[in-house]
Amino acid sequence: MKLNKAISPILATVILIAVTLVIAIGVIGWIMGIWGTFGTTETIQIYPDSKLYTNGNITLYVKNTGTATAVIYKVEIVGVNTSSINDMTLAPGQDTEISASVNGTLTPGAQYQVKIYTRAGHVYSIVLTAEAPPSE
5 MKLNKAISPI LATVILIAVT LVIAIGVIGW IMGIWGTFGT TETIQIYPDS KLYTNGNITL
65 YVKNTGTATA VIYKVEIVGV NTSSINDMTL APGQDTEISA SVNGTLTPGA QYQVKIYTRA
125 GHVYSIVLTA EAPPSE
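Residues are numbered in the numbering used here as their position in the sequence shown, beginning at 1, plus a constant of 4.
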């Protein structure tokens, strides 16, 4: 009579649990879209020559230094007001000018924090000093 040796039930249980966990993590990552976002990020750089005028007009010079396309949808002056803008798409490496306007008057010489919001959920900010608008 031949004796066949098998793995112990404890070792089989440990292997089964490990395989189940690996599959579960993969499925959860796939469902939530995590695996597709690794390696690609948007990064917005706001140039310091951006302007904030006392009449509420904002001119921001920005560049997408990341590897993913960025979609900007909102500009905010903290404590003053928010301006929703038409979605502005920035490809990786692209720079552009964002012009927005908020209701309200700003104090000349005062510093204000300006925030840019992207559809990916990132918020980028810069502190700008309000200055008189250029005369036309």
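Cβ atoms here follow ideal geometry from the backbone N, Cα and C, with glycine treated the same way. All values derive from a computational prediction rather than experimental measurement.
Residue i in three-state terms, based on DSSP
i      : result
ILE11  : coil
THR93  : strand
ALA124 : coil
Residue i burial status per 10 Å Cβ neighbour count (16 or more: buried)
i      : result
GLY108 : exposed
GLU101 : exposed
ALA95  : exposed
LEU25  : exposed
LEU132 : buried
VAL127 : exposed
VAL79  : buried
Beta-carbon proximity list for residue i, same chain, < 6 Å, skipping 5 on both sides
i     : result
LYS55 : THR63
VAL82 : GLN117
Check whether residue i and residue j have beta carbons under 9 Å apart
i      : j      : result
ILE48  : ILE120 : yes
THR58  : THR111 : yes
ASN65  : TYR77  : The identity of residue 65 in the sequence shown is Tyr, whereas the question assumes Asn. In this structure, TYR77 does not lie closer than 9 Å to TYR65 by Cβ.
ALA136 : ALA114 : no
VAL106 : SER129 : no
GLY97  : LYS67  : yes
Sequence-distant residues of its chain with Cβ nearer than 8 Å to residue i (five each side left out)
i     : result
ASP91 : VAL75, ILE76, TYR77, ARG123
Whole-angstrom C-beta distance between residue j and residue i, which should lie under 8 Å
i     : j      : result
ILE89 : ALA104 : 5 Å
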